[in-house]
Amino acid sequence: MADRLSLVILAVRELSRATRFYTDVFGWSVAVEVPVYVEFALPDGMRLGLYQRDAFIKNTDAPAAPRLAGHTTATELYVTVDDLVATIARLAAADAPCRSPLAPRPWGDTAAYYEDPDGNVVVVARPTVAAG
């Protein structure tokens, strides 16, 4: 089996709030839920985990770095979606701050940049359709 990225885990301040955000915005279902951790099984076998920030030290022997006020984290989740307009409406309903509005990007996608409740950058994107 070839090496592949299969799981991304984010340290979060409020597990229930972060879980609600990803469920409400993307419709992802919880596959694993324990007191300090939630995991979503995503399409294509990928998984996203949310780990209660103060419990993060259990596996790493070091605390997760705090988020600086007025800054995003150094983490970006790039999510390709079927319906940008509907997803952006759900982000707005979740009070997700918009960091860069929907626009064609030089790499060939149309994308918008938001923040999740913990300051992680969440990009929603679709390939830009070439005029033809």
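Residue 134 in my numbering sits at position 94 of the sequence shown, and the numbers go up by one each step.
All C-beta atoms in this analysis are idealised placements derived from N, C-alpha and C, irrespective of residue type, glycine included.
inquiry  = Short of 6 Å in beta carbon distance, which residues of its chain neighbour Asp-138, apart from the five on each side in sequence? Order them along the chain.
reply    = Against the sequence shown, residue 138 aligns to sequence position 98. At residue 138 the sequence reads Cys, which differs from the Asp that was named. Cβ within range, chain order: Tyr-154.
query = Helix or strand or just coil, what does DSSP make of Thr-120?
reply = For the purposes of this step, residue 120 is taken as residue 80 along the sequence shown, with counting starting at 1. Three-state DSSP puts Thr-120 in a strand.
key: Three or more C-beta pairs below 8 Å linking the region 127 to 138 and the region 81 to 90   = no
query = What residue does the beta strand (DSSP E) around Thr-100 start on, and which one ends it?
reply = Here residue 100 is taken as the residue at index 60 of the sequence shown, counted from 1. Not the beta strand (DSSP E): Thr-100 falls in the alpha helix (DSSP H), residues 97 to 100.
query = Under a Cβ-count criterion, where at least 16 other Cβ atoms within 10 Å of its own Cβ denotes burial, should Glu-116 be classed as buried or exposed?
reply = Taking the first residue of the sequence shown as 1, we reach residue 116 at position 76. By the neighbour-count rule (16 or more Cβ atoms within 10 Å), Glu-116 is not buried but exposed.
query = Do you know how far the Cα of Glu-73 is from the Cα of Pro-144?
reply = Walking along the sequence shown from the start, residue 144 turns up at place 104. Walking along the sequence shown from the start, residue 73 turns up at place 33. One C-alpha to the other measures close to 37 Å.
Opening and closing residue of the beta strand (DSSP E) in which Leu-90 lies = Taking the sequence shown and counting its residues from 1, one reaches residue 90 at position 50. Residues 87 to 92.
ask   = Going straight from the alpha carbon of Asp-94 to that of Asp-135, what length do you get?
value = Numbered from 1 along the sequence shown, position 54 holds the residue referred to as residue 94. Numbered from 1 along the sequence shown, position 95 holds the residue referred to as residue 135. Asp-94 and Asp-135: Cα-Cα distance of roughly 24 Å.
query = Among Ala-152, Gly-148 and Val-119, which one has its Cα closest to the Cα of Ser-140?
reply = To locate residue 140, count along the sequence shown from 1; it is residue 100. With distances taken between Cα atoms, Ser-140 lies closest to Ala-152.
request  = Please name the residue in Leu-55, Asp-149, Arg-60 and Ala-51 whose C-alpha comes closest to that of Asp-122.
outcome  = As a first step, residue 122 is located in the sequence shown; it is residue number 82 there, counting from the start. Answer by Cα proximity: Asp-149.
inquiry  = Tell me the residue span of the beta strand (DSSP E) that contains Thr-150.
reply    = By 1-based counting over the sequence shown, the position of residue 150 is 110. Unbroken beta strand (DSSP E) run through Thr-150: 149 to 155.
request  = Give the DSSP-derived three-state secondary structure of Pro-103 in the structure shown.
outcome  = In the sequence shown, residue 103 corresponds to position 63, counting from 1. Three-state result, Pro-103: coil.
Contact set for Ala-71: own chain, Cβ-Cβ below 8 Å, skip 5 residues either direction = By one-based count along the sequence shown, residue 71 stands at place 31. Closer than 8 Å at the Cβ level, and outside the excluded window around Ala-71, lie Glu-79, Phe-80, Ala-81 and Arg-87.
ask   = Alpha carbon to alpha carbon, how far is Gly-110 from Leu-55?
value = By one-based count along the sequence shown, residue 110 stands at place 70. By one-based count along the sequence shown, residue 55 stands at place 15. If I take the Cα positions, the gap works out to 21 Å.
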